[in-house]
Amino acid sequence: MMEFSFWDIVRNLLMAMRWTIGLSMIAFIGGGLVGLLLVLLRQSKSAFMNLLATTYVQIFQGIPLLVQLFLAYYGLGLFGINASPWVAASIGLTLYTSAFLCEIWRGCIASIPKGQWEASASLALSFYEQMRYIIFPQAMKIAVAPTVGFLVQVIKGTALASVIGFMELTKVSKTIANATFNPFLVFSCVALMYFLLCYPVSLYAKHLERKMHVHR
Amino acid sequence: MNVQLDFAAVLSEWPLLLTGVAWTLGLTIASVIIGTLLGIGGAWVRARGFGSDMAPAWLKAVVTGYVELIRNTPFIVQLFFIFFGLPAAGFKLSAEMASLIAMVVNLGAYATEIIRAGLEATPKGHIEAAQSLALSRRQIFLWVALPPALHKIWPSLVSQIIIVMLGSSVCGQISTEELSYAADLIQSRNFRSFEAFIVVGALYLLLSVMMRYALNWLGATFLFGRR
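Encoded structure:
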């Protein structure tokens with residue numbers, strides 16, 4: 001029987017926090033790339049592509065992340081891929097993030113005045129050029145604050161990866177709580193760690209938002 | 217590669233699924249009612265022009281701390297803290313009770329911020345008009361400021377309620393018999409894990425779509441019908 005000192009608990013939790021941060025980054029970057037693709041589909045003139053992206057977003061926003069992670073985990077296994085929790089969690093969280101980022105960015109693009117589209121079209125810019133030189137630069141400025149705000153949701157979302165056995169902060173904390181018989185202390189520490197991780201991001205998002213409104 | 221899906225094995229366990237839906241809906245409805253009331257209270261304390269100018273400083277600090285703490289920690293950790301942590305400190309709770317408390321506390325924090333935004337958008341003229349009619353502060357808050365504020369933020373609140381409903385899937389982790397727990401139980405009986413979660417996922421999707429319609433209709437018909 002091993003004795004856990006307070007420092008042991010904190011040290012183990014800090015080690016586990018690396019995985020939480022790593023998974024958040026994978027989900028955020030992967031989700032950003034897929035989300036970008038989805039936004040482009042939403043802007044395309046093909047009704048089918050539009051419907052495809054809309055349905056995708058609806059499905060991933062209407063199903064709990066927990067169920068999505070289980071689906072990714074068991075689904076990959078079913079199709080003969082020996083998925084580690086690591087891979088399943090990355091895929092599940094990436095898809096989840098992409099749906100939400102798509103919706104956020106779509107809103108930002110929709111808030112660009114229609115005249116910008118018309119003016120650029122009258123200059124004979126192609127769809128790609130309109131996007132690249134006229135719409136995206138303006139939409140990106142609006143998008144920064146809500147995107148950073150959503151990062152908090154992603155970090156909190158990684159806590160659910162614990163249910164498919166991924167050894168991140170929440171899973172490790174449950175294991176330690178079982179080993180030390182001190183769940184009160186352990187879960188307090190974990191909550192504090194998530195808070196320390198998320199709160200600065202929240203504050204930064206709020207700051208960005210405030211800064212943007214000054215310009216108007 | 218040959219993948220065979222067997223949904224019949226999952227659907228034949230429909231009583232479990234039905235129980236799951238009932239628990240999910242019941243927990244959501246209960247937490248929405250209590251959580252919104254909590255949110256209204258919190259919003260009064262936080263809103264400029266209301267509690268923010270008159271509530272005691274310690275109360276403001278408590279509510280601000282509560283909102284920030286809940287909004288910046290994962291729901292699953294809040295749930296584990298309540299279910300595993302609090303008993304160690306002397307509060308014994310059943311899984312269902314712990315789930316309900318966690319959902320109420322969670323929704324309360326988000327509702328506070330949402331309703332506060334609505335309250336702060338109250339036109340100053342409304343309050344001045346009410347004051348000139350000699351309404352008390354409590355009357356002004358309850359009858360002049362709050363109804364239009366709720367009306368304005370109702371769509372955001374509906375979205376948050378649906379997020380809470382989807383979040384309740386986590387409560388299965390502490391053996392509350394809601395929908396995702398049913399999926400877990402079914403797959404442990406017939407090993408059809410992928411199908412079980414597909415079915416449950418579809419049910420959640422259905423629930424969230426229906427709930428959005430129902431709440432929007434409810435808001436338009438009953439809560440804010442008179443215009």
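For the record, the sequence lines run as chains A and B.
Those letters in the first sequence? Residues 1 to 216, per my numbering, in order.
Those letters in the second sequence? Residues 217 to 443, per my numbering, in order.
All C-beta atoms in this analysis are idealised placements derived from N, C-alpha and C, irrespective of residue type, glycine included.
- Query: Quick one: does arginine 443 of chain B have its CB under 8 angstroms from some CB of chain A?
  - Reply: At arginine 443 of chain B, the pLDDT of 49 sits below 50, so the modelled position is not reliable and the matter cannot be decided from this model.
- Query: Quick one: does serine 98 of chain A have its CB under 8 angstroms from some CB of chain E?
  - Reply: Although the question refers to chain E, the structure presented lacks it and instead comprises the protein chains A and B.
- Query: Three-state secondary structure (DSSP) at serine 225 of chain A?
  - Reply: Given a span of 1 to 216 for chain A in the structure shown, any question on residue 225 of chain A remains unanswerable.
- Task: Return the first residue and the last residue of the alpha helix (DSSP H) that valine 416 of chain B is part of.
- Result: 409-434
- Nearest to glycine 449 of chain B (by Cα), restricted to the options B/Leu253, B/Ser247, B/Leu275, B/Trp230: The displayed coordinates of chain B run from 217 to 443. Any statement about residue 449 of chain B would go beyond what the structure contains.
- Message: Looking at the secondary structure, which residues open and close the alpha helix (DSSP H) in which threonine 235 of chain B lies?
- Response: 230-262
- Query: Residues in its own chain within less than 8 angstroms of glycine 77 of chain A by CB, not counting five upstream and five downstream?
  - Reply: Ala83
- Within-8 angstroms CB hit, alanine 444 of chain B to chain A: For chain B, the structure presents residues 217 to 443; residue 444 of chain B sits outside this window and is missing.
- Helix, strand or coil for proline 200 of chain A, going by three-state DSSP, please let me know. helix
- Along chain B, in chain order, which residues have C-beta atoms closer than 8 angstroms to that of asparagine 182 of chain A? Ala304
- Item | Nearest neighbour of glycine 30 of chain A, chosen from A/Met49, A/Thr20, A/Ser90, A/His213 [CA to CA] | A/Ser90
- Message: Tell me which residues of the region 13-45 of chain A have at least one Cβ-Cβ distance to chain B shorter than 8 angstroms, keeping chain order.
- Response: none
- Query: Taking Cβ positions only, does alanine 145 of chain A come closer than 8 angstroms to chain B?
  - Reply: no
- Message: Please confirm whether alanine 225 of chain B has its beta-carbon closer than 8 angstroms to some beta-carbon of chain A.
- Response: no
- Task: Compile a chain-ordered list of the residues in the region 194-208 of chain A whose CB is closer than 7 angstroms to at least one CB of chain B.
- Result: Tyr194, Phe195, Cys198, Tyr199, Ser202
- How about isoleucine 104 of chain A: is its C-beta nearer than 8 angstroms to some C-beta of chain B? no
- Query: Using a beta-carbon distance below 8 angstroms, is serine 188 of chain A in contact with chain B?
  - Reply: yes
- Message: So, does the region 230-238 of chain B touch the region 320-337 of chain B, judging by three or more C-beta pairs under 8 angstroms?
- Response: no
- Quick one: does asparagine 288 of chain B have its CB under 8 angstroms from some CB of chain A? yes
- Against chain A: residues of the region 417-435 of chain B by CB proximity under 7 angstroms: Gly417, Tyr420, Leu421, Ser424, Val425
- Could you give the C-beta distance for serine 396 of chain B and leucine 66 of chain A, rounded to a whole number, given that I count them as a contact under 8 angstroms? 6 angstroms
- Message: Does any residue of chain A have a CB that is nearer than 8 angstroms to the CB of glutamate 336 of chain B?
- Response: no
- Message: Short of 6 angstroms in beta carbon distance, which residues of its chain neighbour valine 154 of chain A, apart from the five on each side in sequence? Order them along the chain.
- Response: Ser24, Ala27, Phe28, Thr97
- Query: List, in order along the chain, the chain A residues whose C-beta lies closer than 7 angstroms to that of serine 385 of chain B?
  - Reply: Pro64, Leu66, Val67
- Taking Cβ-Cβ distances shorter than 7 angstroms, what residues in chain A pair up with glutamate 312 of chain B? Simply none; closest approach about 18 angstroms.
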